[in-house]
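Worksheet: one structure, shown below.
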Amino acid sequence: MGTMLFKDEVRMLRQVPLFAGMEAARLKLLAFTSDRVSYQAGEILFHQGDIGDAAYVILAGQAEILADSGKGPVKVAEVGENSIVGEIAILCEATRTATVKAATPIEALRIRKEQFLKLLTDFPDVTIQVMRVLAERLSQTTMALTAERSSRTDAG
Amino acid sequence: MERRLTSYIWKHTKFQQLWILFIVALSMVPYFMSFDLPKQIVNGPIQGSGFDTPDAVKLFMKLEVSLPLFGKVVLFPGIELGRMPTLFALSMVFLLFVVINGLFKYYINTYKGRLGERLLRRIRFELVDRVLRFPPDVFKRVKGSEIANMVNNEVEPMGGFTGDAFVSPALLGGQALTALVFIFVQSFWLGLITTALVSVQALIIPRMRRRLLVLGRERQLTARELAGRVGEMVEGIDAIHAFDTSNYERADVAARLGRIFKIRYDIYQWKFMVKFINNSLASFTPFLFYIVGGYLALKGKVDIGQLVAVIAAYKDLPGPLKDLIDWDQNRQDVQIKYAQVVGQFSVDGMVDPAIQAVGEGAALKPPLAAVNLTLSDDSGARLLDRINVQVRPGERVALTGDAAGGEALAAAFARLSWPDAGKVVAGGEDIHSLPESITGRAISYASTDVHFFSGSLRDNLFYGLKHRPMGPPSAEDPGMAWRLREAQLSGNPVHDIKADWIDYAAAGATGPEDLIRAVAPVLDAVQLSRDILDLALRATADAARRPGIADSVIAMRRAFRATLEERGQTSLIDHFEPGAYNDQSTVGENLLFGNAIGPALMPGALGRNPYFRQVLERDGLDRALYEMGFEIAENAIELFGDLPADHPFFQQLTFMGAEDLPAYQALVKRLNGKDYAEVPAEDRPTIIRLSFAYAEPRHRFGLLTDEMKERIVRARQQFHAGLPASLQGQIEAYDPARYMPSASLMDNVVFGRVNNRHADGAERVQEIVRGLMDRLGLYDDFLSIGLDFEVGTGGKRLTLAQRQKASLARALLRRTGYQVMNRPLTAVDPRVRAQIVENVLTLLSGQEPAPALIWVMTDSALASRFDRILTFAGPLVASDGRGGGGAAGTGEPAGDGVDASVAQVESRAGTQAGAKTGA
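As they're listed, the protein sequences go chains X and D.
The first sequence begins at 279 in the working numbering and counts up one residue at a time.
The second sequence begins at 23 in the working numbering and counts up one residue at a time.
Here is the structure:
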């Protein structure tokens, strides 16, 4: 894992939908200003309810997404290479909506909030790209919600 | 202190003044004798008077005295000498007189100088002594820097004046009088004229100088105010920055300097004006001699010979006269300064010296009580209104409710405020009438406002134990006797500051060895131990002063590594290995592989060091590093080329600054495609430098191959193996078996770089190191190193919370009968504060006998842990009741102290409408 270099990170960032349409130079800058971090299996990347200060792009390994329930944490999803976690918290002032735990040893790129926001304010093309991705997500969610509702109405 | 400087000087130096007058008189004898010699030499042997024949002889050195009853007594019959031997003999005598006069002058000057310095020392000490005895309200209006200015600068001229205070007028007056008498002897009338003119001079000049004195006083005051103002600016620098008022302050200083300039310029104008008039008057006298004397001579009333003699005699008069007038000016000047300073230091209500006398200390009689205590603040508002409270030995009292009342009562118990009415008594005696050696050792006090003196944390923590020198004077000090004698001669105390002042018994210790152990529980209780240990870990320790620390640290280094291996966390640290490349360090650090301690190998200078460059060139490494640097430059330009220079991303660019980027852009363009051999020599270091700051895990450009790492390690080994003598002291190489004095203890133990990829790596490392400290029994050693931390001015290098905790510890480590805590932990987070209060209660109840504890707090939940709770409402005690923490108290029910204050509240409730009696 230690041999993964800057250019590989850039390549992997490009696989992340949020960054996919970004110009190569911006992506490099984003990679360069981010930190490489590693976690052992079982280590926590962040806790639900904490203030979010960074998003993580997983370069290698698997992470579990846990949500607190009345009976303790429940695993809601598992993510792997090229996924981004914790991005909601760096885009708005929300606290972490879930806990992320390393399921296997993880190599990740930590994108700090202030770096990311700076990139957004300085380069409108980046902002538009992020907006596009978020809008797509929103329309998907809306469609899913509508479909859910209509299926309920049909059933009811 | 005397009102007049001359009386002050006379009082303290009269014997010395008389002695120096005697010596001055004595010195006149050879002085006048040497006057006559040149004439004797010229007339006698040189011109031949008395040596009429070649073999004529004269008596040399015949000494005889005429005494009334005995007639002539011949002391020395003299020897007969020829013309040439007489010349030699007389010349030798002349030389002898020159030496004797010089020696007299030397002795007199040093004696006067020493006299002045002693008096200066005495005045300064007396002034500071007075500051220590000022009543508390004085400090609300005087500025520290003004006092310092007075003690330091304003009294300085008084030392210089001391030596001349009596000698100069005697000497100069004598000379002037002699000249005047001589003129009288020559001609009565001309003498009278001279006397008249001298009197005019002596009357007018001092009168004209009076304005100079006024200006001088103004100059003194404005200069003092300037010192005060500058001191204030320094203290308030944060406010100035925060509110952008620096230009207001600049204008203020400029205005003050303008005033000072005007005053000083006025002084110059007057001074030279007076000088001009004085000179004119002095020259007026010869004018009169010529015109009046000449007239009289022509008329035959005066002999021409007499006139010439008078004029000759007159030339000896203006000199001493002028000096005399100058002396008088100086006298008035220092007198005004003296009166000014003494006035400032004479305040009403000064503490009686007996109260502060060095004493053994004695037990304070119980109980401590406030009796009808009334206190007001500066605006006249009541803080306490006829309060009666009694605190029994061992009782634990919480003061809650309105903070102002509790705070005022606590300060009064600590003897810090002077009551308007009523008093604080200990066993019936007013504590203000007791010596501080009793109250100061029976009552410990900690408050919100913490003051620390610059020095180490240790000095400050043990400050409350330094009442008097406990041990003998510092051992075998050769200058000791001299220092003590001089101190006595200047009226200074003779306590040796270098002696051991710490009263170990007062901290429950027996000596320096177990002091740390005795205070460690206190530091734990206030939760300061961990801060101190962290300070120690960040500090460097002098192996010479702490024998054994090097070995302990090396042992810890091994244990640290072993612990990492045990826990399977070896990836946390990249250890320094002389034979391996350290991935977490930069290329430059890997090459140097040590701490640069001299200027030659510091990062900025390393690339220019000829030896270092020679090592790089030996293996062709310079070419490889150049290529690496070139790639880094290209990468940096690609990444950052289009960012504005002030962009925060540039912080990530560790190998160059934003301002360097354009230069590198030009350089890369120019050098692109060129082989190393073609690159101009002056451009090479610029590019190579970039590679020094490169660390693969951080920058991730993929520039370091294993082969390259090996070459770097080889170069490192060559660099250290052939280090020339001139660089030996400039670097401390990383050696796993050796302690590095230039590195912090933490770095010494870790001996490697924390791998940044572990998100919480640094904390995990700290936790392991702390654990090791305990396990290896090094806790006390590290605590002691941490206590050496320099706290800075007012303790500002510590955080406010640390300062407050340390101040609490400073009080608690004294085993005193009363502990008064005046909201001591306001800056500490409430959860920690509650823990500390709990810890302190446990700590104190474990002491035998348990001290009484008075704690001002706003948290009523905490107060319930105390034996007794006094609640203030305004200046009154609203309720006085039992708390929940009675277990460790005196056991007996709260006695008449409570009854008295409750009764008082009840009785007042009837008379004072609106007074809360929430009992």
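We put the CB at the ideal spot given by N, CA and C, even for glycine.
Using the beta-carbon of each residue, which ones in chain D are nearer than 9 Å to residue i?
i: residue 315/X; result: 778, 779, 780 and 781
Quick test of your reading: residue i and residue j, contact by CB under 8 Å. State the CB separation rounded to the nearest angstrom.
i: residue 373/X; j: residue 329/X; result: 6 Å
i: residue 332/X; j: residue 390/X; result: 5 Å
i: residue 654/D; j: residue 677/D; result: 6 Å
i: residue 427/D; j: residue 405/D; result: 6 Å
i: residue 831/D; j: residue 545/D; result: 6 Å
i: residue 484/D; j: residue 524/D; result: 5 Å
i: residue 318/X; j: residue 381/X; result: Residue 318/X to residue 381/X, Cβ: 11 Å. No contact.
i: residue 297/X; j: residue 291/X; result: 5 Å
i: residue 250/X; j: residue 306/X; result: Here chain X has residues from 279 to 434 only, and residue 250/X is not among them.
i: residue 630/D; j: residue 740/D; result: With a Cβ gap of about 19 Å, residue 630/D and residue 740/D do not count as contacting.
To which residues of the same chain is residue i closer than 8 Å at the C-beta, ignoring the five residues directly before and after it?
i: residue 780/D; result: 593, 594 and 786
i: residue 410/X; result: 299
i: residue 656/D; result: 690
i: residue 912/D; result: Its pLDDT being 39, under 50, residue 912/D is placed unreliably in this model, and the value from its coordinates should be taken loosely. Correct list, in chain order: 414, 415, 416, 417 and 889.
i: residue 135/D; result: 185
For residue i, does the count of other Cβ atoms within 10 angstroms reach 16, so buried, or fall short, so exposed?
i: residue 611/D; result: buried
i: residue 711/D; result: buried
i: residue 168/D; result: buried
i: residue 216/D; result: buried
i: residue 818/D; result: exposed
i: residue 256/D; result: exposed
i: residue 873/D; result: buried
i: residue 897/D; result: buried
i: residue 248/D; result: buried
i: residue 379/X; result: buried
i: residue 176/D; result: buried
i: residue 422/X; result: exposed
i: residue 588/D; result: exposed
i: residue 844/D; result: buried
i: residue 578/D; result: buried
i: residue 310/X; result: buried
i: residue 836/D; result: buried
i: residue 291/D; result: exposed
i: residue 474/D; result: buried
What residues from chain D crowd round residue i, counting only those whose CB sits closer than 8 Å?
i: residue 412/X; result: Within chain D, no residue comes near residue 412/X; the closest Cβ sits about 23 Å away, beyond 8 Å.
Cβ closer than 9 Å: which chain X residues qualify as neighbours of residue i?
i: residue 722/D; result: 282, 283, 284, 285, 286, 287, 309, 310 and 314
I want to verify the contact list: residues of chain D whose CB lies under 7 Å from the CB of residue i, in sequence order.
i: residue 379/X; result: Simply none; closest approach about 13 Å.
Name the chain X residues that come within less than 7 Å of residue i, Cβ to Cβ?
i: residue 670/D; result: 396
i: residue 674/D; result: 310 and 311
Run through chain X and tell me which residues come within less than 8 Å of residue i, C-beta to C-beta.
i: residue 660/D; result: 303 and 306
With a threshold of 6 Å on Cβ separation, who are the neighbours of residue i within its own chain once the five nearest residues in sequence on each side are excluded?
i: residue 821/D; result: none
i: residue 333/D; result: 311
i: residue 540/D; result: 529, 530 and 531
i: residue 687/D; result: 659
i: residue 394/X; result: 368
Should residue i be counted as a contact of the ligand GDP given a C-beta to heavy atom distance under 7 Å?
i: residue 362/D; result: Looking at this structure, you won't find the ligand GDP or any other ligand, since it has none at all.
Leaving aside the five residues before and after residue i along the sequence, list all residues of the same chain whose C-beta is less than 7 Å from its C-beta, in chain order.
i: residue 262/D; result: 255, 268 and 271
i: residue 319/D; result: 326 and 329
Discussion item. I'd like the ranges of any alpha helix (DSSP H) spanning at least 4 consecutive residues and lying wholly in the region 530-613 of chain D.
Written reply: 534-547, 551-560 and 571-589, all fully within the region 530-613 of chain D.
Worksheet item: Quick one: complete beta strand (DSSP E) runs, 3+ long, within the region 330-378 of chain X?
Response: You should have 332-338, 341-347 and 350-357.
Item to complete: Starting from the N-terminal side, write out each stretch of the beta strand (DSSP E) that is 3 residues or longer and does not extend beyond the region 380-407 of chain X.
Response: Within the region 380-407 of chain X, the complete beta strand (DSSP E) runs of at least 3 residues are 384-390.
Worksheet item: Which ranges would you report for the alpha helix (DSSP H) in the region 846-893 of chain D if only whole runs of at least 4 residues count?
Response: Within the region 846-893 of chain D, the complete alpha helix (DSSP H) segments at least 4 residues long are 852-867 and 882-885, listed from N- to C-terminus.
Worksheet item: Which runs of the alpha helix (DSSP H), 4 residues or longer, sit entirely within the region 665-707 of chain D?
Response: Runs found: 683-693.
Discussion item. Just to confirm the assignment: which complete alpha helix (DSSP H) runs, minimum length 4, are found wholly within the region 197-229 of chain D?
Written reply: Fully enclosed alpha helix (DSSP H) runs of 4 or longer: not present.
Fill in: alpha helix (DSSP H) segments (min. 4 residues) lying fully within the region 786-847 of chain D
Counting only runs of 4 or more, we get 801-809 and 822-834.
Discussion item. Which runs of the alpha helix (DSSP H) at least 4 residues long sit entirely within the region 375-435 of chain D? Give them in chain order.
Written reply: Qualifying alpha helix (DSSP H) stretches, in chain order: 425-435.
Worksheet item: At which residue ranges does the region 287-320 of chain X contain complete alpha helix (DSSP H) runs of 4 or more residues, listed in the order of the chain?
Response: Counting only runs of 4 or more, we get 295-298 and 302-311.
Worksheet entry | Whole runs of the beta strand (DSSP E) within the region 48-91 of chain D, excluding any shorter than 3 residues | At a cut-off of 3 residues, the continuous stretches assigned as beta strand (DSSP E) that sit fully inside the region 48-91 of chain D are 80-82 and 85-89.
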